[in-house]
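Notes for the one structure printed next.
Residue numbers (this note's numbering), protein chains in the order written: chain A, 1 to 97; chain B, 1001 to 1293.
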């Protein structure tokens, strides 16, 4: 069960990575910083901390392997097994440092 | 007809009329589509249906359908708010009216000449006083009616949660007409008969359950930049509110006050994915805090 200072919303797993990222960034603008990504049935889950909206919104990238690669100039936020274009995909979230 | 009889009729006729309602065994037979669709009760006009019918492809149809649902729910919410205000005004008006009748008869009892007339007037006064004890504002408008209205809101939230779920469905599974039937169900839930039907179940529990159901299925997608700017403005404002203000806003939105009020309000903002849906929320901020978003 999520702690009281976070909340989770869902978004369709049929979206492109760009659409998924737009949704994450908009939700950060409403709730606060991204905390976790995942999937539930045919949707992706987005868990967010309740707080001020981050100035630099999260950017999403797909990756292969166990861990997401480092991204120069960005901090790693979280990773999750998600759906992109309706297909399973490993997605990493980064935020500009 | 004597004075006594006329006095009794004056009291009895309105009571009888008030309690008399046409009773039919079944609804009227179904009308043919052209006749039915011309009826305002059909919820949408021809131009709106044409917009849906002429939409290109299932995705556009779905988008048009969802806009129509949001617009009709907004209208239903607006009418319900007016209804709540009217109920409150009727409650106050009925109390005053009864008081005036009672005062007039008490005065007549004191000044009437004959013992019989005095006796009958006294009996009528006792009847009205008794009726007032049963139906006056203390018993009905201050206790029963708020419970009935709470039940209406609870039932509406249950239907709203169900509609929110179905809005994710393609038009092949959830047509505009199925959606309009649900909107009618939503409207019906916000009526006294609809509330009485479900009054046996505790309103608080049902609302909490419906809210939780809505909470667990909040599915969001990206919205146009202009709407998002308004949503973020509203969310930033909500985050500055004190707990008592959050509670006040939560109650106005049909949400439970308390420690989860802020997150539930933010979820309401996130769930407002069309301009009409967000306008409903924005209206509350304007009324309660004078804040334009």
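By construction, the Cβ of each residue, glycine as well, lies at the ideal position given by its N, Cα and C atoms.
Residues in the same chain with beta-carbon distance under 8 Å from residue i, minus the five sequence neighbours each way, listed in chain order, please.
i                       : result
residue 56 of chain A   : 95 and 96
residue 1232 of chain B : none
residue 1268 of chain B : 1253, 1255 and 1281
residue 64 of chain A   : 90
residue 1072 of chain B : 1043, 1044, 1180 and 1183
residue 50 of chain A   : 5, 6, 7, 31 and 32
residue 1276 of chain B : 1067, 1070, 1071 and 1074
residue 1014 of chain B : Unreliable placement is indicated for residue 1014 of chain B, whose pLDDT of 44 sits below 50; the coordinate value is still reported in the next sentence. Nothing listed; no residue qualifies.
residue 1262 of chain B : 1238, 1239, 1241 and 1246
Can you list, in chain order, the residues of its chain whose CB lies under 7 Å from that of residue i, leaving out five sequence neighbours each side?
i                       : result
residue 68 of chain A   : 76, 79 and 92
residue 1174 of chain B : 1166
residue 1195 of chain B : 1148, 1151, 1152 and 1155
residue 1235 of chain B : 1266 and 1269
residue 81 of chain A   : 38, 39, 88 and 90
residue 1048 of chain B : 1068
residue 71 of chain A   : 94
residue 1084 of chain B : 1149
residue 1251 of chain B : 1257
Residues bridged to residue i by DSSP?
i                       : result
residue 1165 of chain B : For residue 1165 of chain B, which the question treats as bridged, DSSP gives no partner whatsoever.
residue 1229 of chain B : DSSP output for residue 1229 of chain B lists no bridge partner at all.
residue 44 of chain A   : A/11 and A/39
residue 92 of chain A   : A/61 and A/79
residue 49 of chain A   : A/6
residue 1186 of chain B : In the DSSP output, where bridge partners are listed per residue, residue 1186 of chain B has none listed.
residue 34 of chain A   : A/48
residue 87 of chain A   : A/84
residue 18 of chain A   : Residue 18 of chain A pairs with nothing; no bridge assigned.
residue 1219 of chain B : A/10
residue 74 of chain A   : A/96
Quick check: the Cα distance between residue i and residue j, rounded to an integer number of angstroms?
i                       : j                       : result
residue 1069 of chain B : residue 36 of chain A   : 32 Å
residue 1229 of chain B : residue 1239 of chain B : 15 Å
residue 1169 of chain B : residue 12 of chain A   : 11 Å
residue 1180 of chain B : residue 1079 of chain B : 17 Å
residue 1192 of chain B : residue 1149 of chain B : 8 Å
residue 19 of chain A   : residue 38 of chain A   : 16 Å
residue 28 of chain A   : residue 1248 of chain B : 25 Å
residue 33 of chain A   : residue 1162 of chain B : 29 Å
residue 22 of chain A   : residue 1043 of chain B : 34 Å
residue 1286 of chain B : residue 1237 of chain B : 12 Å
residue 1292 of chain B : residue 1283 of chain B : 8 Å
residue 1056 of chain B : residue 1245 of chain B : 45 Å
residue 85 of chain A   : residue 73 of chain A   : 28 Å
residue 17 of chain A   : residue 9 of chain A    : 17 Å
residue 1185 of chain B : residue 42 of chain A   : 28 Å
residue 1064 of chain B : residue 1052 of chain B : 6 Å
residue 1172 of chain B : residue 1088 of chain B : 43 Å
residue 1077 of chain B : residue 1279 of chain B : 12 Å
residue 1040 of chain B : residue 1027 of chain B : 17 Å
residue 1273 of chain B : residue 25 of chain A   : 15 Å
residue 46 of chain A   : residue 83 of chain A   : 12 Å
Show which residues of chain B have a CB atom less than 8 Å away from the CB atom of residue i.
i                     : result
residue 53 of chain A : 1232, 1235 and 1236
residue 10 of chain A : 1217, 1218, 1219 and 1220
residue 22 of chain A : 1222
residue 43 of chain A : 1219
residue 13 of chain A : In chain order: nothing, as chain B lies at least about 11 Å away.
To which residues of the same chain is residue i closer than 6 Å at the C-beta, ignoring the five residues directly before and after it?
i                       : result
residue 1264 of chain B : 1255
residue 1220 of chain B : 1270
residue 1189 of chain B : 1155, 1156 and 1159
residue 1289 of chain B : none
residue 1217 of chain B : 1165
residue 1223 of chain B : 1273
I want to verify the contact list: residues of chain A whose CB lies under 9 Å from the CB of residue i, in sequence order.
i                       : result
residue 1270 of chain B : 7, 9, 26, 27, 30 and 31
Which residues in chain A sit within 7 Å of residue i, going by Cβ to Cβ distance?
i                       : result
residue 1228 of chain B : 26 and 29
Can you pull the chain B residues whose beta carbon is under 9 Å from the beta carbon of residue i, in chain order?
i                     : result
residue 19 of chain A : 1221 and 1222
Can we count residue i as close to the ligand GDP, meaning its CB is less than 8 Å from some heavy atom?
i                       : result
residue 1293 of chain B : In the structure shown, the ligand GDP is absent, as is every other ligand, since no ligand is present at all.
Report yes or no: is there a C-beta of chain C within less than 9 Å of the C-beta of residue i?
i                       : result
residue 1079 of chain B : Looking for chain C here will not work: the only protein chains present are A and B.
Quiz item: Of all the residues that make up the stretch 1258–1284 of chain B, which are near chain A by a beta-carbon distance shorter than 8 Å?
Solution: Under the 8 Å Cβ criterion, the stretch 1258–1284 of chain B contributes 1259, 1260, 1262, 1263, 1266, 1267, 1269 and 1270.
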